[in-house]
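Read top to bottom, the protein sequences are chains A and B. The first sequence runs contiguously to residue 618 in the numbering used here. The second sequence runs contiguously to residue 266 in the numbering used here.
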Amino acid sequence: MDGGNGKYHLLKSESKRFFRFFLSELKPKGPLLTPFNIVAAIIISVGMVLIVIRFATGLGSVTNLSQEFPWGIWIGFDVVTGVAFAGGAYVLTFMVYILRLEKYHSVVRITVVNGFLAYVFYAGALLLDLGRPWNVINPIIGNNFGVSSVMFLVAWHFMLYMMAEFVEFSPAVAEWLGWKRIHKVLSSLTLAAVIFGITLSTLHQSGLGALFLMAKNKIHPLWYSEFIPILFFVSSIFAGLSMVIFEGSISHKVFRHRLSREAHEKHDDIVLGLGRICAGTMFVYFFLKVLVFLHGQHWSYLDTPWGYWFLVEIIGFVVVPGGLYTQAVRTRNISLIKIASGITLAGIILNRLNVSVIAFKWYAPHHYIPHWMEIWITLTVVFAELIVLRWIVNRMPILSDPPAWAQKKKELKRTIKYIPLEEEKEEWTVSTM
Amino acid sequence: MERRDFIKTLGVMGGTVLSGRKLHAEQKAKADDKEFVGILVDTTRCVGCQACSEACAEAHGLPEPDLDEEITMQRKTSTTQWTVIRGDEDKEIYVKTQCMHCNQPACASACPTQAMYKTPEGPVIWREDKCMGCRFCMISCPFDIPKFEYDSPIPKIQKCIMCWDRLQEGEEPACTETCPEEAIIFGKRRNLLEEARSRIYNNPDDYVHYIYGENEAGGTGYIYLSAIPFEELGFRTDIDKKAYPELTTEFLYSVPVILTLWPAFLLALNKATKPDEENEESED
Chain A
186 MDGGNGKYHL LKSESKRFFR FFLSELKPKG PLLTPFNIVA AIIISVGMVL
236 IVIRFATGLG SVTNLSQEFP WGIWIGFDVV TGVAFAGGAY VLTFMVYILR
286 LEKYHSVVRI TVVNGFLAYV FYAGALLLDL GRPWNVINPI IGNNFGVSSV
336 MFLVAWHFML YMMAEFVEFS PAVAEWLGWK RIHKVLSSLT LAAVIFGITL
386 STLHQSGLGA LFLMAKNKIH PLWYSEFIPI LFFVSSIFAG LSMVIFEGSI
436 SHKVFRHRLS REAHEKHDDI VLGLGRICAG TMFVYFFLKV LVFLHGQHWS
486 YLDTPWGYWF LVEIIGFVVV PGGLYTQAVR TRNISLIKIA SGITLAGIIL
536 NRLNVSVIAF KWYAPHHYIP HWMEIWITLT VVFAELIVLR WIVNRMPILS
586 DPPAWAQKKK ELKRTIKYIP LEEEKEEWTV STM
Chain B
-17 MERRDFIKTL GVMGGTVLSG RKLHAEQKAK ADDKEFVGIL VDTTRCVGCQ
33 ACSEACAEAH GLPEPDLDEE ITMQRKTSTT QWTVIRGDED KEIYVKTQCM
83 HCNQPACASA CPTQAMYKTP EGPVIWREDK CMGCRFCMIS CPFDIPKFEY
133 DSPIPKIQKC IMCWDRLQEG EEPACTETCP EEAIIFGKRR NLLEEARSRI
183 YNNPDDYVHY IYGENEAGGT GYIYLSAIPF EELGFRTDID KKAYPELTTE
233 FLYSVPVILT LWPAFLLALN KATKPDEENE ESED
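Now the structure itself:
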């Protein structure tokens, strides 16, 4: 009885300690009144008001959606483009956990966290777009399985993939909280989660394209083909990796203080490697696009405004950045790679919007143009994601090295041991006294 | 019935996302053993009185249609009007437009919650308690029929349901019952096709020799006869003759294949790339 009481007290004090730790971690780190914070605060607070209006009075009050254009940028940009950008997670986990390319290990965590948050926020933004979001549980539980629906497949895969990504980065959460035993269990799940995650990604990256297969007579023939799913899948590879490069170049400035030595040293090498993969897949993608174009026999459309727009996308945003990547890798030019990644990302936005919004109902006399409130709410989602990302990166070992207890012994042998400088040593001794 | 549902649910839960195979097979089977009903529209008989629109509004509690509104070729159904007459008042040609009630509807196969539902009798209906408002049915429908209430916080999808509720009670649809010119007739789809063919055969000079809806989108519940080419009546003539759900079957078929092959392949790759020293270690 006594022992039970002791255990109870221990549990109580432990949970108290955890609660206090958690509360202290909730507080923001660093100065509050930075330009980023001010902009984010304005965008999010106005965005919240707009979201309330949207739910109170219907989609028509904040969007330009119509009977002709049922899907706008909330689907075309937030979901379809956002998920393509999040493709880096499955490509990198494939490279590191399946092919064991250890070189890229240091960027896996940040990419997976990014991917996870992208799914939570951008796929979560789908709830804003749903007219009857309270029924979103219907395809998940209950007897309303629309098994022949691509949307059903994509919805399930989003959900399962979010779980897989959470498992993939959960060891970082355990390290943050200092849960050693749970860490062990979670780490052992990583490979299974990675394999499951890659499989799901293959299917839903292409599934997003398959959503548009039945819009056969509505999408301009230059963009519609039965190969949309394959094109979406292949382009998600370089979209995701370009995002890793692009985002990496920003986070290296913003989170300089959180970076591990290893990440610093290897970063250029990693970027060059990723750039090479991007160049390769982009030429494969270009080749596929050409094949699809020839296969579709759409020469007559080429000499029309839509044809020029098509060429802008293919030449300006696939061939050009692909060429820049190749050139940059050859000359080991890191800044050129960053430029190429930026153009590639713009090209992905262009491609996804072309299929889902711009070339959709290309014949309509009055085409959909997003309302400023739609754009504002999209920005709200983006900024909310960035703030949560910053919160996580500043607390958990995402960019920084995991604590010593969490590292494998073998890995410890390989890394250069951190030798404190003289002054630091003194501080250390003072503080222990 | 319940047992079948149970088995169906089990099957779905097992594979999470199997494929469309089952549902398509089921729909085809239904088409074979139970005949779909349909409606034949003979546009040469329509005088544009819009009695059908009025009857429709009354039968479904929709606002009374404004009969003075000009009839144009661009007229479309809306959230408050499930059926409208489009046409040209000068040339005196009129066409009743509404949901086509496809044999294998794109909307129903697009719907992730089975809210859009092809009833075994033939009408395609929308079920309020299931719909989550994703509007994928609107993207997929080749005829742009489902209409969404953008100005409501509790929006519904609005479209013709071929008076499915009235059919249950043994009545015929409100519009066909009302039509004073017998321009629209209700019946088994097969019989209506025969009727349409015989009208063309007996009056070859009065009709274009084509039945719109016989093969469009794999065949529709509504079929049309016309005296002038269908594109001049505002019909889309570039609609596939194949059933629209077939556009996604190839993709959906590949899902179970990838879902089972990928993990095995990835695991094998993972084992194959294991460095020798690690292999030895694990053996020790």
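Virtual Cβ for every residue (Gly too), placed ideally from N, Cα, C. This structure is a prediction, so every number in the text was calculated from the model and none was measured.
- Short of 7 Å from the beta carbon of Ser420 of chain A, and not among the five residues preceding or following it, lie these beta carbons of its own chain, in chain order: Ala269, Tyr470, Ile533, Asn536.
- Any Cβ of chain A closer than 7 Å to the Cβ of Met114 of chain B would place that residue at the interface, and such an atom is present.
- In terms of Cβ geometry, Val247 of chain A and Met558 of chain A form a close pair [threshold 7 Å].
- Excluding its 5 nearest sequence neighbours in each direction, Glu71 of chain B has C-beta neighbours in its own chain below 8 Å: Gly30, Glu52, Ile53, listed in chain order.
- Under the Cβ distance rule, Phe125 of chain B does not count among the residues neighbouring chain A, no pair being separated by less than 7 Å.
- Here Ile524 of chain A carries a helix assignment [DSSP, helix/strand/coil].
- At least one CB of chain A lies nearer than 7 Å to the CB of Ser122 of chain B.
- The three-state secondary structure of Arg580 of chain A, taken from DSSP, is coil.
- The distance from the Cβ of Gly382 of chain A to that of Tyr275 of chain A is about 6 Å, consistent with a contact at the 8 Å cut-off.
- Not one beta carbon of chain A lies nearer than 7 Å to the beta carbon of Ile107 of chain B.
- With contacts defined as CB atoms closer than 7 Å, Phe301 of chain A and Glu350 of chain A qualify as a contacting pair.
- Residue environment for Trp64 of chain B: buried (at least 16 other C-beta atoms within 10 angstroms of its C-beta).
- Spatial neighbours of Tyr486 of chain A in its own chain (CB-CB distance under 7 Å, excluding positions within 5 residues in sequence) are listed in chain order as Pro406, Leu407, Gly492.
- Taking a beta-carbon distance threshold of 7 Å, Trp244 of chain B counts as an interface residue toward chain A.
- The contact set of Thr242 of chain A on chain B, defined by CB atoms closer than 9 Å, consists of Asp133, Ser134, Pro135 in chain order.
- If you ignore the 5 residues before and after Ser410 of chain A, its C-beta comes within less than 7 Å of the C-beta of Val477, Gly481, all in its own chain and listed in chain order.
- A:His449 is the residue among A:His449, A:Lys438, A:Ala569, A:Pro324 whose C-alpha sits nearest the C-alpha of Tyr289 of chain A.
- Taking all protein chains shown into account, Glu164 of chain B has fewer than 16 neighbouring C-beta atoms within 10 Å of its C-beta and is therefore exposed.
- With a threshold of 7 Å between beta carbons, Leu229 of chain B makes contact with chain A.
- Contacts with chain B at 7 Å (Cβ-Cβ) do not include Arg575 of chain A.
- Taking all protein chains shown into account, Ile413 of chain A has 16 or more neighbouring C-beta atoms within 10 Å of its C-beta and is therefore buried.
- Buried is the label assigned to Gln86 of chain B, since at least 16 other Cβ atoms lie within 10 Å of its Cβ.
- Counting only the Cα atoms, Ile210 of chain B lies some 9 Å from Asp188 of chain B.
- Residue pairing for Tyr304 of chain A: DSSP places it in no beta bridge.
- Excluding the 5 residues flanking it on each side, Glu210 of chain A has same chain C-beta neighbours closer than 6 Å at Arg580, in chain order.
- Using a CB distance cut-off of 7 Å, Leu215 of chain B does not count as an interface residue toward chain A.
- Nearest CB-CB separation between Phe233 of chain B and chain A: below the 7 Å threshold.
- Setting aside the 5 residues that flank it on each side, Gly331 of chain A is surrounded in the same chain by Pro324, Phe337, each with a C-beta closer than 7 Å to its C-beta; the list follows chain order.
- Contact between Val298 of chain A and Phe254 of chain A does not hold, since their C-beta atoms are separated by about 34 Å, which reaches or exceeds 8 Å.
- If you check each beta-carbon in the region 320 to 343 of chain A against every beta-carbon of chain B, the ones closer than 9 Å belong to Asn320, Val321, Ile322, Asn323, Pro324, Gly327, Asn328, Asn329, Phe330, Gly331, Val332, Ser333, Ser334, Val335, Met336, Phe337, Leu338, Val339, Ala340, Trp341, His342.
- One alpha carbon belongs to Leu243 of chain B, the other to Ser60 of chain B, and they sit about 46 Å apart.
- If you draw a straight line from the Cα of Cys142 of chain B to the Cα of Leu284 of chain A, it is about 55 Å long.
- Neighbours of Lys129 of chain B in chain A, taken as residues at a C-beta separation under 7 Å, are given in chain order as Gln252.
- DSSP assignment within the region 148 to 176 of chain B yields the following whole alpha helix (DSSP H) runs of 4 residues or more, N-terminal first: 156 to 160.
- By the Cβ criterion, the region 389 to 404 of chain A is in contact with the region 121 to 136 of chain B, since at least three pairs of Cβ atoms, one from each stretch, lie closer than 8 Å.
- In the three-state reduction of the DSSP assignment, Trp590 of chain A falls in the helix class, which pools H, G and I.
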